[in-house]
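There are 2 protein chains.
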Amino acid sequence: MARVEHGSAASRQATLSDVARIAGVSIATASKAINGRDEVAPATRRRVLEAAEQISFTPNQLARSLLAGRTGTVGLLTSDLEGRFVIPILMGAEDAFGAGQVNVFLCDARGDAIREQHHIKALLNRRVDGIIVVGRQTDPRPSLGHSLPVPVVYAYAPSDDPADLSLTPDNRAGGRLAVEHLISCGRSRIAHITGDPAYAAARDRLLGVRDGLQAAGLDLVGDAMFSAWSEHWGRDAAAMLLAQHPEIDGIVCGSDQIARGVLDTLRDLGRTVPDDIAVIGYDNWEVLATNARPELTSIDANLQELGRLAAKRVFTALDDEARSGTEYLPVRLVIRGSTIARR
Amino acid sequence: MARVEHGSAASRQATLSDVARIAGVSIATASKAINGRDEVAPATRRRVLEAAEQISFTPNQLARSLLAGRTGTVGLLTSDLEGRFVIPILMGAEDAFGAGQVNVFLCDARGDAIREQHHIKALLNRRVDGIIVVGRQTDPRPSLGHSLPVPVVYAYAPSDDPADLSLTPDNRAGGRLAVEHLISCGRSRIAHITGDPAYAAARDRLLGVRDGLQAAGLDLVGDAMFSAWSEHWGRDAAAMLLAQHPEIDGIVCGSDQIARGVLDTLRDLGRTVPDDIAVIGYDNWEVLATNARPELTSIDANLQELGRLAAKRVFTALDDEARSGTEYLPVRLVIRGSTIARR
DNA sequence: GAAAATACCGAAATGCTTTTCGGTACGTTA
DNA sequence: TAACGTACCGAAAAGCATTTCGGTATTTTC
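Okay, structure coming up:
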């Protein structure tokens, strides 16, 4: 058991006045020298920098922030860290301004409104420059209100108040993109298996699918099949679908999980993918998509970019005036073997 | 486009001196009243609290921390947020002391040593009380060294320096637990399909598997099969295994992904699980485990608890003396349908 | 050589809260 | 009534870095 000194009086962190004393200058001069201000003689600057190096001085960001009125931090408030949509958004926000420029306080309310209030309070006490609220689904969520002293940006789940600024993926465009891809692969008898109809994501994607079909003069084969966002449902739905409509040659799935289930059933039924039936998923969840057989074509919502943008919006809201309304961000198609046979 | 005031001079955050002025007391008295110190007359306290409420005063944590020398924050430094092991650890650390008590700065170095240095620097500037370093695998990682002014705890990936404090799941115990479970299900011809032998996780789990077999007077059927942590490998390995050793009745898999592949192949070969062959995974990755057919029995590493413990260790290291060495934390068995048939 | 300009440096205020310690005013005791 | 104790309050320092502004010392200009 090694005894290590941490923050004890013996080895407390060096301060600017330590540097100044060693360099034989005033605190003001030391500050200017370290911050690259030009009212310092080169020789003096060198002395100061050497002193700072010697005692490995790092400026106390707390004191700086206190003075500047800005901390360079944002709070990221999520209701559900388990959900896989939050993580890429988080990564984007964390990285928006380069490593270590802006730091992110991560708060998980675990779906509890009281915990959420606690976290907001704590974030405001710490004087974050803004808050990013990340929801687990694309359905609108309650606004935090407009009484907060810092800008708030809603990511993934938009706010139910149009006066707030929200960023959310364009699910409708995604549905359309998916179906257009199948059509471009020569498919014309296309069905849609998706998740829980209580989710805006399911409904919006269906709208996009219909848009795309209509533009090509096609109709959906059968009704859109709604139930759960699970592999189980994908398997069951595919079996029912094939029994009723054996002629279909393309399936747009509402999620990669559902698509995995669909692939399972198709294989059990001896249908080959993509020659016989093309399948496209949604979310581009790498682990699922690349391990499927064949690998799964999917729609990627560019969530990392969404997170990055959310962080940027927080700071532009600080400097300029605040925007409002919901921005729908573009999605992207990732083509793999489930729609186009590998050479 | 609504114009919202944020931090402008017009509506800057209320300070303690505002409260004091409104309540007609000194700043010192206001502070005492708000913090529940007992040197304040009840009537005065009431006046102060009303004033604070009126202008919705919240104490500036920056100023507090500056004075106290403690910020109540920890930095969580990870090399890879994509990896699914980091998230539960993160959740545990974030929640260790209740909502909003301790806040976590999240930093993702993206596997880049330079970014890591930047982040460490930024965290120290912000005067975090400690740093938790989370690795993506259980192999030892380079120590950050002992020159940092705050305690460092290594989670999941232990430090290569035994003088550091590391917390990591007990993979060996996990391997043993898995095989013991199969044995308790009446299996005796047991094989092991696992991932990349370059990973300590693969080797340690194998050791545990051998421990368990030996204790029961059994031997592994065939050699342990090493390759990749993927469903693909699980499928291929299972096919080879069954061709060579059709008599096996239990398979311990090194990960849930591998187990999913194994289940796929077994189904293709017409072998029933668990009646014919019992299969157990590792990691208890819910989405994979509960969507498999049958649902997958697995080993859970209690990562959330690991994260919680890591955060606690940071603060005990601050108060008491620092511990060192690697702690191996217990894992747990989660039984589902792939080892015991559902009633 | 004197006046003005320049370059450099330092004291002090600022941001906000907590804590210590000295000081009133009141009530209590001998 | 004098001496003392108690309850309450406020001035000021501490924590650390930044910035403004006034002050020397040096250089430039006429």
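For the protein sequence lines, the chains are X and D, in the order given. Using our numbering, the first residue of the first sequence is number 1387, and each one after it goes up by one. Using our numbering, the first residue of the second sequence is number 1387, and each one after it goes up by one. Don't be surprised by glycine CBs; every beta carbon is placed ideally from N, CA and C.
With its beta carbon at least 8 Å from every one in chain D, F1471(X) lies outside the interface. Bounds of any alpha helix (DSSP H) do not take in P1555(D); it lies within the beta strand (DSSP E) bounded by 1551-1555. The DSSP-derived three-state label of H1505(X) is helix. Contact of G1486(D) with chain X is assigned, a C-beta pair being separated by under 8 Å. Straight through space, the alpha carbons of V1665(D) and E1633(X) are spaced by roughly 37 Å. Here the C-alpha atom of I1473(D) lies approximately 15 Å from the C-alpha atom of L1695(D).
Counting along the chain, no beta strand (DSSP E) covers G1640(D), and no H or E run does either. Chain D places a beta carbon closer than 8 Å to that of L1467(X), counting this residue as a contact. Nearest in C-alpha terms to D1466(D), of all of E1707(X), M1477(X), G1656(X), is M1477(X).
In the three-state DSSP reduction, I1634(X) falls in the coil class, being neither helix nor strand.
Taking a contact as a CB-CB distance under 8 Å, the pair D1525(X) and A1586(X) counts as one, their CB atoms being some 4 Å apart.
When the Cα atoms are used, K1418(X) and G1693(D) turn out to be separated by approximately 41 Å. Counting the other CB atoms within 10 Å of its CB gives H1578(X) a total of 16 or more, which places it among the buried residues. Residue pairing by DSSP places E1713(X) opposite L1553(X) in a beta bridge. For a Cβ distance threshold of 7 Å, nothing in chain D lies close to D1597(X): the least Cβ distance comes to about 29 Å. The beta carbon of T1430(X) sits no closer than 8 Å to any beta carbon of chain D.
Chain order gives the chain D residues near E1480(X) as L1467, L1492, C1493, D1494, where near means a beta carbon separation below 9 Å. Each residue's CA atom was taken as its position, placing A1437(X) and N1489(X) some 28 Å apart. Using a Cβ-Cβ cut-off of 7 Å, M1477(X) is close to L1467, D1494 of chain D, given in chain order. Take R1575(X), set aside five residues on each side of it, and the residues of its chain with a beta-carbon closer than 8 Å to its own are V1607, H1631, E1633, I1634, D1635, G1636, in chain order. When secondary structure is reduced to three states using DSSP, I1721(D) falls in the coil class, being assigned neither helix nor strand. The three-state reading of DSSP puts D1705(X) in helix, counting H, G and I together. Per DSSP, the continuous beta strand (DSSP E) segment holding S1684(X) begins and ends at 1684-1686. A distance of 8 Å or more separates the beta carbons of V1648(X) and G1603(X). Listed by position along chain D, the residues whose Cβ is nearer than 8 Å to that of K1698(X) form an empty set, because the closest Cβ is around 15 Å away.
Within 9 Å of the CB of H1505(X), the CB atoms of chain D belong to A1485, G1486, N1489, in sequence order along the chain. V1538(D) sits in a strand when the DSSP states are folded into three classes. At a C-beta separation below 7 Å, S1616(D) has these neighbours in chain X: N1677. Here D1605(X) is exposed. Its C-beta has fewer than 16 other C-beta atoms within 10 Å. Contact annotation for Q1630(X) against chain D: no contact, minimum CB-CB distance about 23 Å [criterion: below 8 Å].
For L1704(X), the CB contacts under 7 Å within the same chain, skipping 5 residues up- and downstream, are D1515, G1516, P1537 in chain order. Burial is judged here by how many other beta carbons sit within 10 angstroms of a residue's own beta carbon; S1724(D) has at least 16 and is buried.
The beta carbon of L1448(X) falls within 8 Å of a beta carbon belonging to chain D, placing the residue at that interface.
The region 1587-1603 of chain D makes contact with the region 1549-1564 of chain D: 3 or more CB pairs, one atom from each, lie closer than 8 Å. Around A1675(X), the same chain offers D1642, G1667, E1681, L1682, S1684, R1722 as residues with beta carbons nearer than 7 Å, after the five sequence neighbours per side are excluded. The C-beta of Q1523(X) comes no closer than 8 Å to any C-beta of chain D.
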